[in-house]
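Protein chains in written order, with the working numbering: chain S, 7 to 113; chain D, 12 to 125.
In this text, a Cβ means the ideal position worked out from N, Cα and C, and glycines have one as well.
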Amino acid sequence: DIQMTQSPSVLSASVGDRVTLNCKASQNINKYLNWYQQKLGEAPKLLIYNTNNLQTGIPSRFSGSGSGTDYTLTISSLQPEDVATYFCFQHNSWPFTFGSGTKLEIK
Amino acid sequence: QVQLKESGPGLVQPSRTLSLTCTVSGFSLTSYGVSWVRQPPGKGLEWIAAIWSGGSTDYNSALKSRLSISRDTSKSQVLLKMNSLQTEDTAMYFCARSTSFDYWGQGVMVTVSS
Numbered sequence: 007d008i009q010m011t012q013s014p015s016v017l018s019a020s021v022g023d024r025v026t027l028n029c030k031a032s033q034n035i036n037k038y039l040n041w042y043q044q045k046l047g048e049a050p051k052l053l054i055y056n057t058n059n060l061q062t063g064i065p066s067r068f069s070g071s072g073s074g075t076d077y078t079l080t081i082s083s084l085q086p087e088d089v090a091t092y093f094c095f096q097h098n099s100w101p102f103t104f105g106s107g108t109k110l111e112i113k
Numbered sequence: 012q013v014q015l016k017e018s019g020p021g022l023v024q025p026s027r028t029l030s031l032t033c034t035v036s037g038f039s040l041t042s043y044g045v046s047w048v049r050q051p052p053g054k055g056l057e058w059i060a061a062i063w064s065g066g067s068t069d070y071n072s073a074l075k076s077r078l079s080i081s082r083d084t085s086k087s088q089v090l091l092k093m094n095s096l097q098t099e100d101t102a103m104y105f106c107a108r109s110t111s112f113d114y115w116g117q118g119v120m121v122t123v124s125s
């Protein structure tokens with residue numbers, strides 16, 4: 007199975023900061039990497055699909071990049087409503103697997 | 012619009028079989044697959060099983076011997092059965108549209124307890 011490692015596990019930043027979340031796969035996943043935002047008590051919400059494609063309705067402050075085994079989610083200007091846990095997810099090889107999440111907090 | 016809604020028993024006794032239903036609207040099961048994902052309280056997400064638009068299936072290898080996924084296209088429903096339940100199977104169970112993995116249901120909480 008492909009292991010997905012996210013870092014950091016917890017990130018604390020100020021409103022307006024540029025924040026970067028990382029996700030590393032144990033092998034090449036050919037850019038089949040999605041990012042999800044999950045708020046407490048809610049279902050995951052798709053932000054970015056296939057590395058760098060912004061899902062419809064998601065604010066443009068979210069962006070994704072990467073290739074091979076290394077991927078990044080960037081929030082260009084952190085907003086209070088961005089407080090959530092963020093998961094990466096690979097759908098290149100079955101079984102599909104998630105990262106363990108980055109919990110994003112406001113300072 | 013696209014919607015998925017999970018339904019199930021809520022509380023199941025250990026060693027029993029869990030049956031969950033995902034009822035979809037806004038798309039056809041013959042055009043999109045549906046997957047099940049679970050999340051134990053306070054923990055991360057785990058992909059369990061998928062049934063694809065052509066009817067083929069895939070399972071998490073760690074759970075495969077206990078799982079069965081099927082569909083009823085006339086009812087727009089995907090069914091998940093998991094046998095030999097243990098307390099570790101206590102989780103929120105979500106269904107999600109696949110292969111795009113874009114739309115998710117709100118989830119159903121399943122507690123395994125005597």
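Is it buried or exposed for residue i, if we count other Cβ within 10 angstroms and need 16 for buried?
i, result
"Q12 (chain S)", "buried"
"E87 (chain S)", "exposed"
"N40 (chain S)", "buried"
"D76 (chain S)", "exposed"
"L22 (chain D)", "exposed"
"A73 (chain D)", "exposed"
"Q85 (chain S)", "exposed"
"G105 (chain S)", "buried"
"G37 (chain D)", "exposed"
"V25 (chain S)", "buried"
Any heavy atom of the ligand GTP closer than 7 Å to the beta-carbon of residue i?
i, result
"A60 (chain D)", "Of the ligands one can find in the structure shown there are none, so the ligand GTP has no counterpart to examine."
For residue i versus residue j, is the C-beta distance shorter than 8 Å?
i, j, result
"T82 (chain D)", "V13 (chain D)", "Thr is not the amino acid found at residue 82 (chain D); the sequence shown has Arg there. No, the pair does not count as a contact, with Cβ atoms beyond the cut-off."
"V21 (chain S)", "I112 (chain S)", "yes"
"T4 (chain D)", "S87 (chain D)", "In the structure as shown, chain D starts at 12 and stops at 125, and residue 4 (chain D) therefore has no counterpart that could be examined."
"G72 (chain S)", "T57 (chain S)", "yes"
"P52 (chain D)", "T98 (chain D)", "no"
"M120 (chain D)", "T28 (chain D)", "no"
"Q9 (chain S)", "T108 (chain S)", "no"
"D113 (chain D)", "Q61 (chain S)", "yes"
"W115 (chain D)", "P50 (chain S)", "yes"
If you follow the beta strand (DSSP E) that residue i is in, where does it begin and where does it stop?
i, result
"F93 (chain S)", "90-96"
"Y77 (chain S)", "76-81"
"T26 (chain S)", "25-31"
"Q12 (chain D)", "Here Q12 (chain D) belongs to no beta strand (DSSP E), and DSSP marks it neither H nor E."
"I80 (chain D)", "78-83"
"W47 (chain D)", "44-50"
"D7 (chain S)", "It is not in any beta strand (DSSP E) - D7 (chain S) carries neither H nor E in the DSSP assignment."
"I62 (chain D)", "57-62"
"F105 (chain D)", "102-109"
"I112 (chain S)", "108-112"
"S73 (chain S)", "68-73"
"V89 (chain D)", "88-93"
From residue i to residue j, what does the alpha carbon distance come to, in whole angstroms?
i, j, result
"W63 (chain D)", "P14 (chain S)", "34 Å"
"S83 (chain S)", "V123 (chain D)", "42 Å"
"T84 (chain D)", "L40 (chain D)", "6 Å"
"N71 (chain D)", "V89 (chain D)", "17 Å"
"I59 (chain D)", "K30 (chain S)", "21 Å"
"G63 (chain S)", "G70 (chain S)", "15 Å"
"A19 (chain S)", "E48 (chain S)", "22 Å"
"W47 (chain D)", "I35 (chain S)", "21 Å"
Taking Cβ-Cβ distances shorter than 8 Å, what residues in chain A pair up with residue i?
i, result
"Q97 (chain D)", "In the structure shown, chain A cannot be found, because the protein chains are S and D."
### Contact the segment 44-55 of chain S vs the segment 87-107 of chain S: 3+ CB pairs below 8 Å
Result yes; three or more Cβ-Cβ pairs closer than 8 Å.
### Query
Between the segment 72-87 of chain D and the segment 17-26 of chain D, are three or more C-beta pairs nearer than 8 Å?
no
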